[in-house]
Amino acid sequence: MARPMARCYRPRPLPFALATLLVATLLYPSAILRGEVFFERDLHLDWYPRFAALGRVVAEGAWPLWEPGLGFGQPLLGDPSMQVLYPVTWLALALPWGAAYTAIVLIHLLVAGLGAARLAARLGAGGLGSWTSGLAFVLSGPVQSALNLWHHFAGTAWMPWVLLAVDRASTRPSIGATLALAGAFGLQVLAGSADVCAMTLALSIVIAAARLAAGRRRARALPALVSCLAALALAAALSCPLWWPAADLVSRSARRALPEDVRETWSLPATGLARLVAPLDPRRVPFDPEAWRRLYDRPGHPFFASAYLGMPVLGLACLALFDRRRRSRAVLLALVALGAIVLAMGPHGPIYRPLAALVPGVASLRYPSKALLMASLAMPLLAGLGVRALARAGRARAVAAALVLAGAGAAVLAARQFHATIGWAPLLAVAFALALSLRGARLHAGFTALVLVALACVDLLAAHASLNATAPVGLLEPPPVVALVRRSDGQRIHVWDYYTQPEVAEQLLGRRDPYRPALPPAPGVDARVWEAAAQRQVLVPPSATFFGLETSYDFDSRGLYASDMHDLSFLLRRFEGVPVIQTRLLQLGAVSQVVALHAHGLETLRLEHELPTLVGDSLRVFAVPDALPRARLVARTRVADHGDAIGVLLDPGFDPRVEAIVAWGQALRADAPLDGSVRWLERRPDRQRLETQATHEALLVLADVYDPGWRASVDGAAVELVRANLAFRAVGVPAGQHVVELRYRPPAVIASLGVALGAGLVAAALLVASRRSARRRPAA
253 MARPMARCYR PRPLPFALAT LLVATLLYPS AILRGEVFFE RDLHLDWYPR FAALGRVVAE
313 GAWPLWEPGL GFGQPLLGDP SMQVLYPVTW LALALPWGAA YTAIVLIHLL VAGLGAARLA
373 ARLGAGGLGS WTSGLAFVLS GPVQSALNLW HHFAGTAWMP WVLLAVDRAS TRPSIGATLA
433 LAGAFGLQVL AGSADVCAMT LALSIVIAAA RLAAGRRRAR ALPALVSCLA ALALAAALSC
493 PLWWPAADLV SRSARRALPE DVRETWSLPA TGLARLVAPL DPRRVPFDPE AWRRLYDRPG
553 HPFFASAYLG MPVLGLACLA LFDRRRRSRA VLLALVALGA IVLAMGPHGP IYRPLAALVP
613 GVASLRYPSK ALLMASLAMP LLAGLGVRAL ARAGRARAVA AALVLAGAGA AVLAARQFHA
673 TIGWAPLLAV AFALALSLRG ARLHAGFTAL VLVALACVDL LAAHASLNAT APVGLLEPPP
733 VVALVRRSDG QRIHVWDYYT QPEVAEQLLG RRDPYRPALP PAPGVDARVW EAAAQRQVLV
793 PPSATFFGLE TSYDFDSRGL YASDMHDLSF LLRRFEGVPV IQTRLLQLGA VSQVVALHAH
853 GLETLRLEHE LPTLVGDSLR VFAVPDALPR ARLVARTRVA DHGDAIGVLL DPGFDPRVEA
913 IVAWGQALRA DAPLDGSVRW LERRPDRQRL ETQATHEALL VLADVYDPGW RASVDGAAVE
973 LVRANLAFRA VGVPAGQHVV ELRYRPPAVI ASLGVALGAG LVAAALLVAS RRSARRRPAA
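Every position in the sequence shown, counted from 1, becomes a number in this note's numbering once 252 is added.
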C-alpha cells in the first residue's frame, strides 16, 4: 500500500526560506534592499524603547530582571512582551538597530510559513497545496497586521508548529514527539503572547480530541494522551521563568480583572466583517468617525490594520469541503475559522461574553479581534486542501467560482459604501473565478492549479504591499530635546501624555489628535513616517526611554503596574492644573524637568526651553522648583495605605521634603531636626548601594517603585523593605553612618529558574534515551 500523501511530501527549509525572502522583498523593499526600519505604532513607541532598555541592562552587566528607567522602574521578566528569555531577542541584541527588527520579521515569516506548509502537508494538502497554505498564511491580513505587535507576531509564527507537534503526538506518541511538542509550545510561551498561547492551546485540544476520537487503534489513545499531557507539563516547566513572575505580577496588578470597556474594545463589528473579503485597511478608507467605528469598532486606528483573508483563498477553501477523502478535516478547519471569526466579533457576536464569564483567564485577555489569527491559519490550511481537491472538484468549481464572484461584488459594494479604494482585488477575484470555471477546458491540470495559486498569492501581495511602512534609520536618532533633559544625577523627567486620555488633548491643546503634524509631509515622505517623526520629536511616552532617559508617571498601557503605582500615575492626571498638588507629586517622584506641549496650569514650573515642532505647538521644557533628590532621608513618617495614603498626599500639611507615608510599621516622630546626607555608591539596574549619614533614626526614601522582589540590607544585615508614599520603596536606617544595599532577586525568578533547569536536564536525558533506543531498533 502506498503511503499517505501527507507523509510523501515535506516542504524543505531552504526553498521556503528563499520564497520567504522573495515575499518579504516584495512586501517591504525599502527594509530589505535599503536598510530602512519598521517603526509603526507600538514599534517606535514601545518596542524600541523596551529593547533599548534591555540592551542597557545587559551592557551594564546586570541580570535582565529590572529596568529602572521605565516609569519609576519595571520588572523585565514580569512583562512577557519584553521577551527576555526568547532566543530571537538575544540574536536581535547582537545586530545593529537598523537590522534588528527586520531580522526578527524575516525569521518569524520563515517560521510561520514553513510551519503552516508542513502542517498542511501532514493534513494531506500535497506539494502545491502545502506551499499555498504557507504563503497564504504569512500574507494574510491579520498576520501582516501583527508585524508591529512583535510578541503576538512571534507567538503566531509558532502556532502551526505546536499544532503539527500535537497532531504527531496524538497519532504516533513517542519520546521524540513529546519533546517536539514541549519545545514548540515552550518557544511560543517564551515569545510572550498569552492570547496566542491560549488560542493555540484551545486548537490543540480540538485537534487532539479529533485525532483520538477518529483513531482506529484505541489502544494508542492512552499513550497519546500521556504524551500530550507530558509535553504540556514539560513546556510549562521549561518556560516557567517567564510565566511564573508574570503571574505573580498580574496577581498584584489591574490586569487580573480588566473592565469590559478595556477588554472588549477592538472587536470586529458586524459591518466590519466586510474586511474579511475586501482590503479595507485605514489607508483606503477616508476618515469618518462613524464609518471607522462601524468598520474598526472605534474611531481610531484598528487593532489589525487589515483583516483581509483573500477572496481566491476563500474560493480554494470552499473546494476543500467537497473533497470526500478529507472532508472531515476540512469541516473541522471550517468550523475553527468560523468560530474564530465569531469570537473576534467580541460583544458584537454571541460567543465572547459567555466565554469570558465561564472560562477562567479570558477576562484578563484584551481585544477580541486577536482571534482572527486563528482564522488566518485555518483558512489557508483549508485552501491548501482545496488545491489538492482541484482534480476531483467537479461541480464544486462552479460553487467556488460563484462564491468568489459574490465576494468580489460584496467588496465593491463595501468600497462604495465607505468611499474606499480597494485596488485590484475585485479584478483578481474575477480572474480567479474565470480560471477556476475553465478548469479542465483543454488546460493542463497542473498549469491551471499554478495559475489559481498564483492569483491567490498576487491578490494578497497586492492588498498588503504597502501595509507596513518603513522609515530611514535616522528616525531613531535622538531629537534635540534629549540633549536638554539628559541627566547623570539620577533625577527623572516627566513627559506629558496627551494620547491615552483624548479629553486631555482637547482641553489642553484644543484638538483630539495631539500628535498629528500641522504641516503636510515633505515631498516624497510617507505620511506615516511624517507622523512618527512628529511623535519622536516630542518624546511621546514611553519613547523617551529609548534614549536612556528615566521617566515618571507613565501610563500603564499593559495594565501590569501594581495597583498602588497605577493609582499614583492616575493621581497626577486627575489633578492636572492644580498647581500645589501637581508640583508636590512631581517633587515626590524626584522629577526635575517636565516636557509638555502646553503651558496652561504649569505656571508654578520654570520654563527653560522652547523648541519648534511638527505638531504646531512649541515643545516646552520646564524645571520643577525644589525638586527632591532620587534618594533622601526623612525623620518623620505617617502610617497610611491605599485610600488613606492618597488622602495624606493631598493634605496641604504634608511636606515630602521632611516626612513620608509608610504602608505599615511604626511611625517616626523626631523631636529634633534631622541632619543627614545620602551618597550613591552604586546605581545599577538590579542593585543599588548608598551611604547614609544621620544624626538620629531616619527613613531612606527612593523615587523608585516598590516591588516585593527587592531585598534590602543595612551594613550587610537584612532589613525590611517598606512601601512609602503609596508606591515607592524605603528602608529604615539607624543613626550614624551606614551602607544600604538593595538587590532585585524575586523568589519567583529564583525558584522558576531552578524548575526550568531541572526540566531541561530531564528533556536532555529523554532525548539521549530516545536516540539510543532508535539506534538499537532493528530496521523494518
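C-beta atoms are modelled at their ideal positions from N, C-alpha and C, and glycine is treated no differently.
query                                                                                                           : result
Contact under 7 Å by Cβ, L719 with S821                                                                         : no
Beta-ladder partner(s) of S505, from DSSP                                                                       : A814
Backbone CA spacing between A817 and G325 [nearest angstrom]                                                    : Per the sequence shown, residue 817 should be read as Met rather than Ala. If you take the alpha carbons of M817 and G325, they lie about 10 Å apart.
DSSP three-state assignment for T722, whether helix, strand or coil                                             : strand
Neighbour-count burial assignment, E934, 16 or more Cβ in a 10 Å radius                                         : exposed
Inter-stretch contact at 8 Å, needing at least 3 Cβ pairs: the segment 749-761 / the segment 309-316            : no
Nearest to V846 (by Cα), restricted to the options A969, A879 and V974                                          : A879
Classification of W676 by the beta-carbon crowding that lies within 10 angstroms, buried from 16 upward         : exposed
Within 7 Å, strictly: CB atoms of P212 and A1008                                                                : Shown here, the chain extends from 253 to 1032; a query on residue 212 therefore has no answer.
Assumed close pair A589, L637 - CB separation to whole angstroms, cut-off 8 Å                                   : The Cβ separation is near 12 Å, so there is no contact.
Distance, V953 Cα to L736 Cα                                                                                    : 27 Å
Backbone CA spacing between Y813 and P327 [nearest angstrom]                                                    : 10 Å
Strand pairing of G988, partner residues [DSSP]                                                                 : A946
Any 3 or more C-beta pairs closer than 8 Å across the segment 899-908 and the segment 918-936                   : no
Q759, DSSP secondary structure in three states                                                                  : helix
Residue from A658, R788 and H746 with nearest C-alpha to S804                                                   : H746
W402 (DSSP reduced to helix, strand or coil)                                                                    : helix
Beta-carbon proximity list for V662, same chain, < 6 Å, skipping 5 on both sides                                : Reading off the sequence, residue 662 comes out as Ala, not Val. Here the set comprises V529.
R872 versus R858: straight-line alpha-carbon distance, rounded                                                  : 10 Å
For L337, the three-state DSSP class (helix, strand or coil)                                                    : coil
Spatial neighbours of Q989 in its chain, beta-carbon cut-off 8 Å, leaving aside the 5 residues before and after : E943, T944 and Q945
Reference H850, options H716, G829 and R836, closest by Cα                                                      : G829
6 Å Cβ shell around T856 - same chain, five flanking residues per side excluded                                 : P831 and T835
Pick from V583, A897, A796 and S621 that is closest to A848, judged by C-alpha positions                        : A796
Euclidean distance between Cα positions of G379 and V565                                                        : 17 Å
Beta-carbon proximity check, Y996 vs G961, cutoff 7 Å                                                           : yes
Pick from Y280, S1022 and V725 that is closest to Q396, judged by C-alpha positions                             : Y280
For R858, the residue or residues it bridges with in DSSP                                                       : A875
C-alpha distance - R825 paired with A660, whole-angstrom precision                                              : 48 Å
Same chain, Cβ closer than 7 Å to V418, neighbours up to 5 away in sequence not counted                         : L433, S456, I459, A460 and C480
Reduced DSSP secondary structure (H/G/I, E/B, other) of S965                                                    : strand
Cα-Cα separation, L978 to A842                                                                                  : 15 Å
Local conformation of Y261 per DSSP, three classes                                                              : coil
CA nearest to the CA of D331, picked from V502, V478, R1024 and T277                                            : V502
Assigned secondary structure, V1007 (DSSP; H/G/I helix, E/B strand, else coil)                                  : helix
Rounded Cβ spacing between A955 and L994 (contact assumed at less than 8 Å)                                     : A955 to L994, Cβ: 13 Å. No contact.
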